[in-house]
């Protein structure tokens, strides 16, 4: 099983991006029972939670992105999305997708998001 994140890029402050994460090789029933999160990391700093979506559909967000970012999931397609609006320069980071479930803590390669001011 692999997590593949995509959708990063360079955007101006105030703009939007949508990140996608696909769980390649994951059985659909397992996907349903897995919690997914987006984290981000700036070089030299700790990785921080951006947003999470649980198996029951509930979501949670880091304080710095509340009201601007939205996480969603498509269980049938085994995809997790992060819609990022009103981007700020401080959102610049490498964004990682994480899958957590019974006996699973899986990370994908990150995707770079750069917000120019």
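Numbering (the numbering used here), first residue to last: 58 to 174. Idealized CB from N, CA, C, for every residue including glycine. Quick caveat: nothing in here was measured; it's all calculated off a predicted structure.
From what residue to what residue does the beta strand (DSSP E) around residue i run?
i           : result
residue 173 : 168–173
residue 151 : 150–158
residue 85  : First-last for residue 85: 85–89, but that is the alpha helix (DSSP H), not the beta strand (DSSP E).
residue 146 : Neither: residue 146 is in no beta strand (DSSP E) and is coded neither H nor E.
residue 75  : 74–81
residue 103 : Neither: residue 103 is in no beta strand (DSSP E) and is coded neither H nor E.
residue 131 : 126–131
Are the Cβ atoms of residue i and residue j separated by less than 7 Å?
i           : j           : result
residue 117 : residue 109 : yes
residue 69  : residue 165 : no
residue 82  : residue 58  : yes
residue 168 : residue 86  : no
For residue i, tell me which candidate among the options has the shortest Cα-Cα distance.
i           : options               : result
residue 129 : 143, 112 and 121      : 112
residue 171 : 145, 160, 163 and 156 : 145
residue 80  : 159, 167, 135 and 158 : 135
residue 106 : 84, 132 and 120       : 120
residue 88  : 76, 133 and 71        : 133
So, at 6 Å on beta carbons, what are the nonlocal neighbours of residue i in its own chain, with the 5 sequence-adjacent residues on each side left out?
i           : result
residue 137 : 78, 93 and 130
residue 66  : none
residue 173 : 69
Below 7 Å CB to CB, which residues in the same chain sit around residue i once its five sequence neighbours on both sides are set aside?
i           : result
residue 127 : 140
residue 122 : 107 and 108
residue 103 : none
Quick one: residues in its chain with C-beta nearer than 8 Å to the C-beta of residue i, no 5 flanking neighbours on either side, listed in chain order?
i           : result
residue 73  : 140, 141, 142, 143 and 144
residue 157 : 91, 92, 93, 94 and 163
residue 75  : 64, 138, 139, 140 and 141
query: With a cut-off of 8 Å, do at least 3 Cβ pairs link the region 138–150 to the region 94–109?
result: The region 138–150 makes contact with the region 94–109; the number of CB pairs closer than 8 Å reaches 3 or more.
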